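A.B. asks:
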Amino acid sequence: MLIGIAIIASPIVFAIIAFPDSFSLSWNQGRGGFIFALVFVVAELIGLKIIISKRRLLSVIPIASVVIAYLIGLEYGLRDFILSGEESFNVQLIYSWTWMWDFIIMSIFVVVALSIFFGKRWIRIAPAGPIFLAGSAIILSLDAFFPYDSLGPLQYVVPYLVQTNVWLINILDLGTATARDNIMFLKGDFGPMVLQVFWPSAGVHSVIIYSLVMGAFLLKMNIHRNRKLIYFGIGIAGTIGVNMIRIFSLSWYALKVTTDAKQWEEFHSVAGEIMFLPWLFVFLLIVIIIETRRLKKSESEGKITPKNS
Numbered sequence: 001m002l003i004g005i006a007i008i009a010s011p012i013v014f015a016i017i018a019f020p021d022s023f024s025l026s027w028n029q030g031r032g033g034f035i036f037a038l039v040f041v042v043a044e045l046i047g048l049k050i051i052i053s054k055r056r057l058l059s060v061i062p063i064a065s066v067v068i069a070y071l072i073g074l075e076y077g078l079r080d081f082i083l084s085g086e087e088s089f090n091v092q093l094i095y096s097w098t099w100m101w102d103f104i105i106m107s108i109f110v111v112v113a114l115s116i117f118f119g120k121r122w123i124r125i126a127p128a129g130p131i132f133l134a135g136s137a138i139i140l141s142l143d144a145f146f147p148y149d150s151l152g153p154l155q156y157v158v159p160y161l162v163q164t165n166v167w168l169i170n171i172l173d174l175g176t177a178t179a180r181d182n183i184m185f186l187k188g189d190f191g192p193m194v195l196q197v198f199w200p201s202a203g204v205h206s207v208i209i210y211s212l213v214m215g216a217f218l219l220k221m222n223i224h225r226n227r228k229l230i231y232f233g234i235g236i237a238g239t240i241g242v243n244m245i246r247i248f249s250l251s252w253y254a255l256k257v258t259t260d261a262k263q264w265e266e267f268h269s270v271a272g273e274i275m276f277l278p279w280l281f282v283f284l285l286i287v288i289i290i291e292t293r294r295l296k297k298s299e300s301e302g303k304i305t306p307k308n309s
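Its first residue numbered 1, the sequence shown is counted upward by one per residue in the numbering used here.
1. Just the Cα atoms here: how many angstroms apart are Ile223 and Ile290?
2. Please identify the residue among His205, Gln263, Leu250 and Lys220 whose C-alpha is closest to the C-alpha of Pro236.
3. Any idea which residues DSSP pairs Gly191 with across the strands?
4. Which same chain residues end up closer than 7 Å to Ile304 when comparing Cβ atoms and leaving out the 5 residues on each side of it in sequence?
5. Smallest Cα separation from Tyr325: which of Asp181, Trp264 and Leu45?
6. Could you tell me the boundaries of the alpha helix (DSSP H) in which Arg55 lies?
7. Give me whichever residues DSSP pairs with Ala177 in a beta bridge.
8. Measuring only the C-alpha atoms, how far is Ile245 from Phe109?
9. Would Ser59 pass as a contact of Ile116 if the rule is Cβ separation under 9 Å?
10. Could you compute how far the alpha carbon of Trp99 sits from the alpha carbon of Ile274?
11. Taking three-plus beta-carbon pairs below 8 Å as touching, is the stretch 247 to 255 in contact with the stretch 158 to 178?
12. Let me check you understand the geometry: is the CB of Phe190 closer than 8 Å to at least one non-hydrogen atom of the ligand PLP?
13. Beta-carbon within less than 8 Å of Pro192's beta-carbon, same chain only, minus the 5 sequence neighbours each way: which residues are those?
14. Leaving out five residues on either side along the sequence, give the residues of the same chain with a beta carbon under 6 Å from the beta carbon of Asn308.
15. Across the stretch 116 to 127 and the stretch 37 to 47, are there enough close Cβ pairs to call them in contact, namely three or more that are closer than 8 Å?
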């Protein structure tokens, strides 16, 4: 199992060593998501008492080599070839377009590797990692083709989040704030600043990724359906709460730290994932702990037999 995990991890580890600058916490500006996907894979596979045959292990190594070759090829013209498809496919944001292919390739590799190792059982054994990668690829594709507010359904909830954020700012007396649709007009310690909030900045993508990962995670858990629905609902509410904290923190930064566009953008690029991904891990861990304790309690109660009167 450890060798299998190492083979799956090898392209990601190679990318970290060879191209460390490509790893960023920003969801659409690098390969930072690879690390979180790998954590999911390791967490789901480590400790499993499943023997993977030598033949299966060896058959995945050439596929991992192809992925590594892809990563190297990007530095020697392949990325330019991908960029050349910008006009043909009517791409709106080229960075999301190029990173999208990294996540597509990596998600395909992980699915193929897990399928070779475990057959169709991989869906119940370790679905979170590949689903996280595939979900990230989907979000990047939406951002590449429908950026800003051009995708109406995802943008629909943003004005409500903006209005709530403006209300919080005024209640807490952090400055003055007004809103119109998805635009906030802020004035704080360093002067005025106007922020236009689009669905990625509002964290709508995190709700989609959470739904995919949590759905896969709950699918493999042997618990009652109603409890699954409760966990899923609590997680959705928590993710929306984290998104509100994200918008609030971006506003606070403009009100109390700086209105310099460059510095604010640097903070904006990492604020969401710094909050969302730890929340996702913590919530999954809490669910595991609660259900593990429930299982142990049920097993211990099942071993107790009543005494004869």
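Beta carbons: idealized from backbone N, C-alpha and C, even for Gly.
Bear in mind that the values here come from a model prediction, so they are computed numbers and not experimental data.
C.D. replies: On the basis of the supplied data:
1. Your numbering for residue 223 matches position 223 in the sequence shown. Your numbering for residue 290 matches position 290 in the sequence shown. Looking at the two C-alpha atoms, the distance is approximately 11 Å.
2. On the sequence shown, position 236 is the one that residue 236 refers to. For clarity, residue 236 is Ile in the given sequence; the question names Pro instead. Ranking His205, Gln263, Leu250 and Lys220 by Cα distance to Ile236 puts His205 first.
3. Along the sequence shown, one-based indexing puts residue 191 at 191. Beta-bridge pairing links Gly191 to Gly188.
4. The sequence position of residue 304 within the sequence shown is 304, counting from 1. The predicted model places Ile304 with a pLDDT of 49, which falls under 50 and marks its position as unreliable; any figure quoted below should be read in that light. Cβ within range, chain order: n/a, list empty.
5. Here the chain covers residues 1 to 309 and nothing more, so residue 325 does not appear.
6. Position 55 of the sequence shown, counted from the first residue, corresponds to residue 55. Residues Lys54 to Gly73.
7. The sequence position of residue 177 within the sequence shown is 177, counting from 1. Leu186, per the DSSP bridge assignment.
8. Within the sequence shown, numbered from 1, the residue matching residue 245 stands at position 245. Within the sequence shown, numbered from 1, the residue matching residue 109 stands at position 109. Roughly 35 Å separates the two Cα atoms.
9. Within the sequence shown, residue 59 is the residue found at index 59, counting from 1. Within the sequence shown, residue 116 is the residue found at index 116, counting from 1. Contact annotation: Ser59 and Ile116 have beta-carbon atoms nearer than 9 Å.
10. For this step, residue 99 is matched to residue 99 along the sequence shown. For this step, residue 274 is matched to residue 274 along the sequence shown. Those two C-alpha atoms are separated by around 19 Å.
11. Of all C-beta pairs linking the stretch 247 to 255 to the stretch 158 to 178, three or more are shorter than 8 Å, placing the two stretches in contact.
12. This structure lacks the ligand PLP; in fact it carries no ligand of any kind.
13. Within the sequence shown, residue 192 is the residue found at index 192, counting from 1. Result list for Pro192: Phe185, Leu186 and Thr259, in chain order.
14. As a first step, residue 308 must be located in the sequence shown, where it is residue number 308. Any reading at Asn308 must be qualified, since the residue scores a pLDDT of 49, below 50, and its modelled position is unreliable; the value itself is stated next. So no residue of the chain qualifies.
15. yes
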